[in-house]
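Protein chains in written order, with the numbering used here: chain A, 3 to 295; chain B, 63 to 264. Beta carbons: idealized from backbone N, C-alpha and C, even for Gly. Data block below; observations after.
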């Protein structure tokens with residue numbers, strides 16, 4: 003399967019924050035959800051992918067091309083949506099279109115007006131009067147009007163009401179009918195991903211934890227609930243993170259089968275949500291850090 | 063890159079609509095076009111620069127299929143275009159109002175001053191922010207005052223005399239030398255700005 007985005011051993015350090023040896027690949031023709039808590043490096047990774055930042059070391063390629071030689075060619079094929087407004091605020095949507103349109107070879111006015119009508123966007127009002135939802139719709143209209151093969155979105159659903167979030171996900175879903183298109187988007191509203199994501203890429207503290215097919219996660223991971231007396235030094239090793247209470251323990255396993263064999267009927271295995279996985283990974287990492295520091 | 067320059071002019075459309083008639087009025091009451099020309103050109107060039115300074119706008123420009131080199135270059139070429147528009151207005155205004163042709167050396171002098179200004183202002187603004195330019199100018203002004211008061215009391219007269227001398231030069235070799243020096247300064251500033259901008263983090 004072809005990769006549209008490929009990061010190989012990418013490192014990027016800032017004051018107090020670091021992306022470490024990040025290797026990610028995003029498959030062509032699928033929706034990949036990019037998850038992780040606040041400040042773990044999602045936006046930095048997206049900026050690296052869009053060449054808004056340069057890595058300290060490592061390779062980044064899009065469509066098999068690198069930015070050093072093919073910057074404009076790559077950007078022609080990307081549609082982007084940011085979580086905040088990046089357009090000039092004092093001008094209208096129609097004027098903004100006049101600025102963006104000549105930048106793209108494949109710009110199509112018909113598609114643009116189609117989305118403007120669909121989203122009921124006013125062409126003649128200054129962009130600063132737009133609500134958060136309208137702003138997002140405007141971004142999306144721009145991102146989709148130049149036949150981009152790859153749509154990159156940084157937290158597109160944050161701050162949106164549930165109804166528009168659904169609408170947005172439906173639009174993305176329709177978009178994926180075209181098998182040539184790829185969507186990569188970051189979010190921390192993990193329920194969004196249940197609806198459309200084919201793959202999940204999870205990062206934590208600047209490190210890539212996993213990229214898996216969405217359905218595979220349920221096959222591998224499980225929430226384990228049982229009596230606290232089942233836990234000892236050995237069995238605790240089975241889990242990524244453990245939460246103990248008076249009623250017993252709850253933990254996350256990355257190997258559902260082995261845990262089932264080990265504990266048998268003494269524990270209950272449940273389907274984890276992505277949020278569970280994020281939470282326990284953070285817990286596990288923190289404990290790991292504590293015990294080794 | 064032409065798109066970027068066109069974008070700057072379109073965005074400054076309203077400013078031009080106000081600025082150009084104001085320029086004509088200035089011509090009507092005062093004939094010292096050098097000061098007016100320099101001030102108006104600098105105002106519009108820096109206004110256009112400041113508009114693109116927000117991190118969000120930088121994010122947009124760099125996400126569109128433009129390179130950082132093109133983004134910086136468009137500002138340098140755009141500055142020439144704006145200066146040209148102002149100079150053209152002065153020439154046309156002088157023909158209409160005073161029925162006289164503006165002297166070429168005056169126009170060249172205005173252009174020269176703008177180029178020198180921009181050569182310092184752009185790299186400074188890319189490195190810091192254009193809003194700090196005023197502070198920098200304030201500091202420079204104080205230095206200038208100190209200079210005038212303590213060391214060279216007749217600095218103003220000397221400058222004025224200097225400007226007159228330059229304008230009265232008849233020697234075309236000297237002229238060419240001056241133009242070449244200014245152009246080289248502009249080129250150097252251009253390259254410097256590209257270097258600064260390509261390392262910027264938004």
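Just the chain A side, please: which residues come within less than 8 Å of residue 78 of chain B by C-beta, in chain order?
Here the premise fails: no neighbours, minimum Cβ distance about 15 Å.
Taking only runs of the beta strand (DSSP E) that begin and end inside the region 150-185 of chain A, which ones reach a length of at least 3 residues, in chain order?
As summarised for the region 150-185 of chain A, the continuous beta strand (DSSP E) elements at least 3 residues long and confined to that stretch are 152-156, given in chain order.
Between residue 221 of chain A and residue 258 of chain A, what straight-line distance do the alpha-carbon atoms span, to the nearest angstrom?
7 Å
Any C-beta of chain A sitting closer than 8 Å to the C-beta of residue 72 of chain B?
Interface residue, yes.
Does the Cβ-Cβ distance between residue 208 of chain A and residue 21 of chain A come in under 8 Å?
yes
Skipping 5 residues on each side, what residues in its chain have a beta carbon closer than 7 Å to that of residue 162 of chain B?
Close CB contacts of residue 162 of chain B within its chain, under the 7 Å cut and outside five residues either way in sequence, are with 156 (chain order).
Mind listing, in chain order, the continuous alpha helix (DSSP H) runs of no fewer than 4 residues lying wholly within the region 207-292 of chain A?
216-222, 235-238 and 258-265
For the alpha helix (DSSP H) containing residue 44 of chain A, name the first residue and the last one.
44-51
Identify the continuous beta strand (DSSP E) that holds residue 23 of chain A and give its terminal residues.
19-29 is the span of the beta strand (DSSP E), which, as asked, contains residue 23 of chain A.
In the DSSP assignment, what residue or residues form a beta bridge with residue 115 of chain A?
BP columns for residue 115 of chain A are empty, so no partner.
Got a sec, what are the start and stop residues for the alpha helix (DSSP H) residue 134 of chain B sits in?
130-160
Short check: CB of residue 154 of chain A to CB of residue 140 of chain A, under 8 Å?
no
What residues in its chain sit with their C-beta under 7 Å from that of residue 48 of chain A, if we drop five residues either side in the sequence?
154, 156 and 188
When DSSP builds the beta bridges, which residues end up paired with residue 59 of chain A?
A/13
Among A/125, A/65 and A/67, which one has its Cα closest to the Cα of residue 94 of chain A?
It is A/125 whose Cα lies nearest to the Cα of residue 94 of chain A.
Considering only residues of the same chain and omitting the five flanking positions on each side of residue 285 of chain A, which have a CB-CB separation below 6 Å?
243
Under a CB-based cut-off of 8 Å, is residue 128 of chain B close to chain A?
yes
So with Cβ pairs under 8 Å, would you call residue 104 of chain A a contact of chain B?
yes
Can you find a CB in chain A that lies within less than 8 Å of the CB of residue 124 of chain B?
yes
I'd like to check one pair, residue 117 of chain B with residue 77 of chain A: are the Cβ atoms closer than 8 Å?
no
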